[in-house]
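To start, the structure under review is shown below, and the notes come after it.
Number of protein chains: 2
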Amino acid sequence: MTLAPLARYLPILDWGRGYDRSQFAGDMIAAVIVTIMLIPQSLAYALLAGLPPEAGIYASIAPIVLYAVFGTSRALAVGPVAVVSLMTAAAVGNIAESGTAGYVTAALTLAFLSGLMLLALGLFRLGFLANFLSHPVIAGFITASGILIAASQLRHILGVEAEGHTLVEIFMSLGTHLRDVNPTTVILGVSATAFLFWVRGGLKPLLRRVGLGPRLADIGAKLGPVLAIVGTTLIVWGFDLQERGVAIVGEVPQSLPPLTLPSFSPDLLSQLIVPALLISIIGFVESISVAQTLAAKKRQRIDPDQELIGLGSANLGAAFTGGFPVTGGFSRSVVNFDAGAETPAAGAFTAIGLALAAVFLTPLIYFLPKATLAATIIVAVLSLVDFSILKRACHFSHADFAAVTVTILLTLALGVEAGVSAGVITSIIVHLYKTSRPHMAVVGRVPGTEHFRNVLRHEVEVQPHVLSLRIDESLYFPNARFLEDQLSRYAADKRELTDVVLMFPAVNEIDLSALESLEAINARLKEAGIRLHLSEVKGPVMDRLKGSHFLEELTGEIFLSQHEAASKLDGCAPRQTM
Amino acid sequence: MTLAPLARYLPILDWGRGYDRSQFAGDMIAAVIVTIMLIPQSLAYALLAGLPPEAGIYASIAPIVLYAVFGTSRALAVGPVAVVSLMTAAAVGNIAESGTAGYVTAALTLAFLSGLMLLALGLFRLGFLANFLSHPVIAGFITASGILIAASQLRHILGVEAEGHTLVEIFMSLGTHLRDVNPTTVILGVSATAFLFWVRGGLKPLLRRVGLGPRLADIGAKLGPVLAIVGTTLIVWGFDLQERGVAIVGEVPQSLPPLTLPSFSPDLLSQLIVPALLISIIGFVESISVAQTLAAKKRQRIDPDQELIGLGSANLGAAFTGGFPVTGGFSRSVVNFDAGAETPAAGAFTAIGLALAAVFLTPLIYFLPKATLAATIIVAVLSLVDFSILKRACHFSHADFAAVTVTILLTLALGVEAGVSAGVITSIIVHLYKTSRPHMAVVGRVPGTEHFRNVLRHEVEVQPHVLSLRIDESLYFPNARFLEDQLSRYAADKRELTDVVLMFPAVNEIDLSALESLEAINARLKEAGIRLHLSEVKGPVMDRLKGSHFLEELTGEIFLSQHEAASKLDGCAPRQTM
Numbered sequence: 001m002t003l004a005p006l007a008r009y010l011p012i013l014d015w016g017r018g019y020d021r022s023q024f025a026g027d028m029i030a031a032v033i034v035t036i037m038l039i040p041q042s043l044a045y046a047l048l049a050g051l052p053p054e055a056g057i058y059a060s061i062a063p064i065v066l067y068a069v070f071g072t073s074r075a076l077a078v079g080p081v082a083v084v085s086l087m088t089a090a091a092v093g094n095i096a097e098s099g100t101a102g103y104v105t106a107a108l109t110l111a112f113l114s115g116l117m118l119l120a121l122g123l124f125r126l127g128f129l130a131n132f133l134s135h136p137v138i139a140g141f142i143t144a145s146g147i148l149i150a151a152s153q154l155r156h157i158l159g160v161e162a163e164g165h166t167l168v169e170i171f172m173s174l175g176t177h178l179r180d181v182n183p184t185t186v187i188l189g190v191s192a193t194a195f196l197f198w199v200r201g202g203l204k205p206l207l208r209r210v211g212l213g214p215r216l217a218d219i220g221a222k223l224g225p226v227l228a229i230v231g232t233t234l235i236v237w238g239f240d241l242q243e244r245g246v247a248i249v250g251e252v253p254q255s256l257p258p259l260t261l262p263s264f265s266p267d268l269l270s271q272l273i274v275p276a277l278l279i280s281i282i283g284f285v286e287s288i289s290v291a292q293t294l295a296a297k298k299r300q301r302i303d304p305d306q307e308l309i310g311l312g313s314a315n316l317g318a319a320f321t322g323g324f325p326v327t328g329g330f331s332r333s334v335v336n337f338d339a340g341a342e343t344p345a346a347g348a349f350t351a352i353g354l355a356l357a358a359v360f361l362t363p364l365i366y367f368l369p370k371a372t373l374a375a376t377i378i379v380a381v382l383s384l385v386d387f388s389i390l391k392r393a394c395h396f397s398h399a400d401f402a403a404v405t406v407t408i409l410l411t412l413a414l415g416v417e418a419g420v421s422a423g424v425i426t427s428i429i430v431h432l433y434k435t436s437r438p439h440m441a442v443v444g445r446v447p448g449t450e451h452f453r454n455v456l457r458h459e460v461e462v463q464p465h466v467l468s469l470r471i472d473e474s475l476y477f478p479n480a481r482f483l484e485d486q487l488s489r490y491a492a493d494k495r496e497l498t499d500v501v502l503m504f505p506a507v508n509e510i511d512l513s514a515l516e517s518l519e520a521i522n523a524r525l526k527e528a529g530i531r532l533h534l535s536e537v538k539g540p541v542m543d544r545l546k547g548s549h550f551l552e553e554l555t556g557e558i559f560l561s562q563h564e565a566a567s568k569l570d571g572c573a574p575r576q577t578m
Numbered sequence: 001m002t003l004a005p006l007a008r009y010l011p012i013l014d015w016g017r018g019y020d021r022s023q024f025a026g027d028m029i030a031a032v033i034v035t036i037m038l039i040p041q042s043l044a045y046a047l048l049a050g051l052p053p054e055a056g057i058y059a060s061i062a063p064i065v066l067y068a069v070f071g072t073s074r075a076l077a078v079g080p081v082a083v084v085s086l087m088t089a090a091a092v093g094n095i096a097e098s099g100t101a102g103y104v105t106a107a108l109t110l111a112f113l114s115g116l117m118l119l120a121l122g123l124f125r126l127g128f129l130a131n132f133l134s135h136p137v138i139a140g141f142i143t144a145s146g147i148l149i150a151a152s153q154l155r156h157i158l159g160v161e162a163e164g165h166t167l168v169e170i171f172m173s174l175g176t177h178l179r180d181v182n183p184t185t186v187i188l189g190v191s192a193t194a195f196l197f198w199v200r201g202g203l204k205p206l207l208r209r210v211g212l213g214p215r216l217a218d219i220g221a222k223l224g225p226v227l228a229i230v231g232t233t234l235i236v237w238g239f240d241l242q243e244r245g246v247a248i249v250g251e252v253p254q255s256l257p258p259l260t261l262p263s264f265s266p267d268l269l270s271q272l273i274v275p276a277l278l279i280s281i282i283g284f285v286e287s288i289s290v291a292q293t294l295a296a297k298k299r300q301r302i303d304p305d306q307e308l309i310g311l312g313s314a315n316l317g318a319a320f321t322g323g324f325p326v327t328g329g330f331s332r333s334v335v336n337f338d339a340g341a342e343t344p345a346a347g348a349f350t351a352i353g354l355a356l357a358a359v360f361l362t363p364l365i366y367f368l369p370k371a372t373l374a375a376t377i378i379v380a381v382l383s384l385v386d387f388s389i390l391k392r393a394c395h396f397s398h399a400d401f402a403a404v405t406v407t408i409l410l411t412l413a414l415g416v417e418a419g420v421s422a423g424v425i426t427s428i429i430v431h432l433y434k435t436s437r438p439h440m441a442v443v444g445r446v447p448g449t450e451h452f453r454n455v456l457r458h459e460v461e462v463q464p465h466v467l468s469l470r471i472d473e474s475l476y477f478p479n480a481r482f483l484e485d486q487l488s489r490y491a492a493d494k495r496e497l498t499d500v501v502l503m504f505p506a507v508n509e510i511d512l513s514a515l516e517s518l519e520a521i522n523a524r525l526k527e528a529g530i531r532l533h534l535s536e537v538k539g540p541v542m543d544r545l546k547g548s549h550f551l552e553e554l555t556g557e558i559f560l561s562q563h564e565a566a567s568k569l570d571g572c573a574p575r576q577t578m
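So the sequence lines, in the order shown, correspond to chains C and D. For the first sequence, the UniProt record's numbering gives the first residue as 1, with consecutive numbering after it. For the second sequence, the UniProt record's numbering gives the first residue as 1, with consecutive numbering after it.
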């Protein structure tokens, strides 16, 4: 119990104390399977990020251990993921040439900044900032990123030098290099892609038929990329295909992750600050949704603010050990979970496995063709591409459709940063637009009752000199002005008006903008000889109003119920049925 | 009646048809008074904007006529105003040196861009964008701008060359020029300032005592600046003070507003786009609040979208006739209204008056000292400075206090653009933060009734295997994730849970993000063996849900009332009183 406050920031103290042999066995098996799966994935995402292959493996070692210490998910596997690697390539590619030391340093610095930001968001409990990204924006962004990633890998399949961070740039660049296409690479790349697509669809049923259980068959199918890598490496080695111009991974240093330093140049830091923020938030959103999905299956609890700290530590770890920005990945976490990982220790064991691989296995991938890595990327990311969000959003609301369309189009046309920023801005603007026009209804009395209903929907009685307006929304700055406009309109249009009653049963909150609008409305109605009343004001709103001078200035009264208001104001004028 | 659709965009068709002799008389008198008042004001604001004095007069002629044609307010007087002139100086000062042709062109271009933006906002009915500016942000911004403006005018009072767009810059620059202070200018400037302060407070009572009516006395007091200008001009002329280093206005061309062209250089346009947007929105917000206040007094109606068109036309007019950005000004509009302006024709007559002044009066202001213009600016803007907003906001809520403090500090420290942008961003972030944590209450049955209340506030009965959660807010992307987090927490903490009921009586709307969150919640609870139910779903929300697959996937039921839900789920478990 004495550890409780510390355990809030160090979840390892929580699960670590009860760790037993059966959990160890489960974690160990999961670690072996995940390690084997992660080797090709790590190499591939390093390629996608424009970094040397070993960076992918390094980026999976320290981060996974640090997340095990600080993270709250018991199954999340942290490391390089497709979308974040693409964003890294886009951000760092603006600053340095791929293959240079400056490029590597910029990637470390990006991980460092992103780590600091995630830590700060977690410590200051600012995880709510991720709410800026609505679901449709994320879905659109991931779909568009998948297309961009697949397109960016075509150059490795074709064996040409090409570049670009937008769809047009990529295809223009490929176009100008079409005459350099290497036929051997194309055959190898297309075969690997075809094989991997078959593995996705056909291997699992095959494994089931030869007698494997559903879970093993599933895991077996996930190891398809390893087969592709072993197979094509042997082919290149056996037929000396590198002599025919097939690009291979080549020499990879045999070492544990090195100790590295990010750059602290203010110039570089300021260039990377926006991309780092976007990467942090996208990475967090992706990771937390995987973590929550897996945690639910075992009724475990995820603490979003602690997750930020876990991911922040992981990225700082990547920055100091030769990696690049990382986050919790969907496919690796699912494999980890399905393979029976019980605690974050599985991650630590995976890290040991990868460290062994970094030391002993790297010579074996000398002949690994880059086309195979590109094929694994293409097959992996095409599963992210899902245009059904467009249909869903179109069906659901204009607002969501606008956000998702803008995100997809701008991501493809202008790149990841512009795309996701535009998506966020669009959804906030649309949100503000909707909020700025809250539902309001002119109400009248249902004859013979104490109930008041919308005059447009029900047969009700109204008093011609009284306007009763029910406001179906909290009042705050996005809609304060709308209320002013509406009341000016009513006051101008209804010449016989002497009293306005605002019904507040659905007003949960009021801010200073809305209070000042109410004061302006009160003053303007007074000029026009109209009294302003309120009815059915909720407790918290009444407290706010009492803290201001509004109640002293109010020309009319506060009624407990609309019935009371109507009865009191029912002085002279005859009733009218609408 | 056939004119109705056209009259929507041309309000002049509306009031112009019934124009009569009594309205003509009212408009004419108002025009004479406003013209006399506008001459010093226009000269002063041109000085503030860093432009030659005649630009201020030109900026009051075409804009006022165009607003009369397209605007909806019958009393609004459009022209240069203090805050917009300061923003113009800040924006244009970044691009060119004051006094150069480039500076004048940049100011025209700023008016042009701002006019286009206002027109576009009006035509596409995007006036709601002004909602980004909450009342506290505007109040803070205007207060800080008032201080900046007054500080920037000190150089004219001291007779030194100094510059700067932030408080620190201004005082640093004044400090380095202290030894150049011109004593004659100081005496003149301080006297003018003192006289104008006295006019504000003391002239009106004096005029009342000598027998003027309250309205005339009020208008008389507003003409104080004219007295100061005539007086100091005569003093300079009489004593040849320009020989003693008193800066004077000097030669002003005697002409009608010239035909000018803004620049269409993409480079300049892109540099001015953000300032133009800020100026447009600040100008619109200032103008519409004046217009609505005056319209209310006569129960007239202001159409915000049409106001945008009116102000947009006015700015385009300024751009093509040697002006700079304009908007509806508070003091001039009030004078216009008080002097009896009946229709926008008063504006047109004022324009004629100013055109005559531009042609015939400009030689008379040759000896007008700049210190007097600075004095009129200082006295005018210090009335804008009002720190009571800080106290109000502090008293009212942390959110509003944060927004107003950030706005004031950053406007003073970093300038107008940074200040207003930071204020907008702060209020949106704070809004999102508040929205992201909607009020939710676990509810239980009030014993013996069909009512359900918050378990924390009332003695109620709950069923231990059922969690009933009332959500007091619409569900959309800012709070979708919070709902997921909360329910994950409840599911993890309450082991005996078999059913979750979400009570939706206060959910007025739902967006795609929230729908997907509900789907994720449903799927995760299902994994945990918990059913999800909804109760008291409103019609519009139900329609949305019916348009999706959610209802098919929902593990539980939709109950019309919480009572029905509780009765149905009240199977086996015993009641417990909390």
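Glycine residues also receive a C-beta, built at the ideal position from the N, C-alpha and C atoms.
Simplified DSSP state of N479 of chain C, which is helix, strand or coil: The sequence position of residue 479 of chain C within the first sequence is 479, counting from 1. The answer is helix: DSSP assigns N479 of chain C an H, G or I state.
Identity of the residues DSSP links to N454 of chain C by a beta bridge: Counting from 1 along the first sequence, the entry for residue 454 of chain C is found at position 454. For N454 of chain C, which the question treats as bridged, DSSP gives the partners C:V443.
Residue environment, E516 of chain C, which counts as buried when at least 16 other CB atoms sit within 10 Å: For the purposes of this step, residue 516 of chain C is taken as residue 516 along the first sequence, with counting starting at 1. Buried: at least 16 other Cβ atoms inside 10 Å.
Contacting residues, own chain, Cβ-Cβ under 8 Å from A491 of chain C (five flanking each side not counted): Along the first sequence, read from residue 1 onward, the residue named residue 491 of chain C stands at position 491. Excluding residues within five positions, the ones whose Cβ falls inside 8 Å are L497, V500, R524, L525, A528 and I530.
Within-8 Å CB hit, L203 of chain C to chain D: Here residue 203 of chain C refers to the residue found at position 203 when the first sequence is read from its first residue. No - not a single Cβ of chain D is within 8 Å of the one on L203 of chain C.
Rounded distance between the beta-carbons of L316 of chain D and G18 of chain D, thought under 8 Å: For the purposes of this step, residue 18 of chain D is taken as residue 18 along the second sequence, with counting starting at 1. For the purposes of this step, residue 316 of chain D is taken as residue 316 along the second sequence, with counting starting at 1. Actually they are not in contact, since the Cβ atoms of G18 of chain D and L316 of chain D sit about 28 Å apart, beyond 8 Å.
Residues bridged to T376 of chain D (per DSSP): Position 376 of the second sequence, counted from the start, is the residue given in the question as residue 376 of chain D. The partner list for T376 of chain D (beta bridge, DSSP) is empty, contrary to what the question assumes.
Chain C within 8 Å of P11 of chain D, Cβ atoms only: On the second sequence, residue 11 of chain D is found 11 positions in, with the first residue counted as 1. For P11 of chain D, the nearest beta carbon of chain C is not closer than 8 Å to its own beta carbon.
C-beta contact flag for K222 of chain D and V335 of chain D at 8 Å: Here residue 222 of chain D is taken as the residue at index 222 of the second sequence, counted from 1. Here residue 335 of chain D is taken as the residue at index 335 of the second sequence, counted from 1. Yes.
Cβ-based burial, I187 of chain D [other Cβ within 10 Å; buried from 16]: Position 187 of the second sequence, counted from the first residue, corresponds to residue 187 of chain D. A residue is called buried once 16 or more other Cβ atoms fall within 10 Å of its Cβ, and I187 of chain D, having fewer, is exposed.
L502 of chain D - containing beta strand (DSSP E), residue span: Here the question's residue 502 of chain D lines up with position 502 in the second sequence. Looking at the DSSP string, the run of the beta strand (DSSP E) that includes L502 of chain D is D499 to M503.
Distance between V69 of chain D and P11 of chain D (C-alpha atoms, nearest Å): Here residue 11 of chain D refers to the residue found at position 11 of the second sequence. Here residue 69 of chain D refers to the residue found at position 69 of the second sequence. Taking the straight line joining both Cα atoms gives about 7 Å.
C-alpha distance - F477 of chain C paired with L518 of chain C, whole-angstrom precision: On the first sequence, residue 477 of chain C is found 477 positions in, with the first residue counted as 1. On the first sequence, residue 518 of chain C is found 518 positions in, with the first residue counted as 1. If I take the Cα positions, the gap works out to 12 Å.
Among C:V274, C:S548, C:H451 and C:L118, the one whose alpha carbon lies nearest that of I536 of chain C: Residue numbering aside, residue 536 of chain C sits at position 536 when the first sequence is read from its first letter. It is Glu, not Ile, that sits at residue 536 of chain C in the sequence shown. Ranking the options by Cα distance to E536 of chain C, first place goes to C:H451.
C-beta contact flag for L512 of chain D and D400 of chain C at 8 Å: Start at 1 with the first residue of the second sequence, and residue 512 of chain D comes out as number 512. Start at 1 with the first residue of the first sequence, and residue 400 of chain C comes out as number 400. Against a cut-off of 8 Å, the Cβ pair of D400 of chain C and L512 of chain D comes out as a contact.
Beta-carbon gap between V84 of chain C and I279 of chain C smaller than 8 Å: By one-based count along the first sequence, residue 84 of chain C stands at place 84. By one-based count along the first sequence, residue 279 of chain C stands at place 279. Yes; because the gap between Cβ atoms is below 8 Å, this pair is in contact.
A314 of chain C to G79 of chain C span [Cα, whole Å]: Your numbering for residue 314 of chain C matches position 314 in the first sequence. Your numbering for residue 79 of chain C matches position 79 in the first sequence. Taking the straight line joining both Cα atoms gives about 8 Å.
Spatial distance of V460 of chain D from P540 of chain C (CA atoms): Start at 1 with the first residue of the second sequence, and residue 460 of chain D comes out as number 460. Start at 1 with the first residue of the first sequence, and residue 540 of chain C comes out as number 540. When rounded, the distance between both Cα atoms is 22 Å.
Completely contained alpha helix (DSSP H) runs for the segment 162-204 of chain C, where each covers 4 or more residues: 167-176 and 183-198
Uninterrupted beta strand (DSSP E) stretches inside the segment 43-130 of chain C (no shorter than 3 residues): none
Chain D contact for Y45 of chain C (CB, 8 Å cutoff): Counting from 1 along the first sequence, the entry for residue 45 of chain C is found at position 45. Output row for Y45 of chain C: interface = no.
Minimum length 4: unbroken alpha helix (DSSP H) runs contained in the segment 260-325 of chain D: 266-297 and 304-320
Classification of S42 of chain C by the beta-carbon crowding that lies within 10 angstroms, buried from 16 upward: Mapped onto the first sequence, residue 42 of chain C falls at position 42. Buried: at least 16 other Cβ atoms inside 10 Å.
Cα-Cα separation between V104 of chain C and V137 of chain C, rounded to whole angstroms: As a working mapping, residue 104 of chain C is identified with position 104 in the first sequence. As a working mapping, residue 137 of chain C is identified with position 137 in the first sequence. When rounded, the distance between both Cα atoms is 30 Å.
Segments of 3+ residues assigned as beta strand (DSSP E) that fall wholly inside the segment 492-544 of chain C: As far as the segment 492-544 of chain C is concerned, its whole beta strand (DSSP E) runs of at least 3 residues are 499-503 and 531-535.
Cβ of N522 of chain D within 8 Å of any chain C Cβ: Position 522 of the second sequence, counted from the first residue, corresponds to residue 522 of chain D. No, its Cβ sits nowhere closer than 8 Å to a Cβ of chain C.
Beta-carbon proximity of A341 of chain C to A30 of chain C, cut-off 8 Å: By one-based count along the first sequence, residue 341 of chain C stands at place 341. By one-based count along the first sequence, residue 30 of chain C stands at place 30. Yes, the pair counts as a contact, with Cβ atoms nearer than the cut-off.
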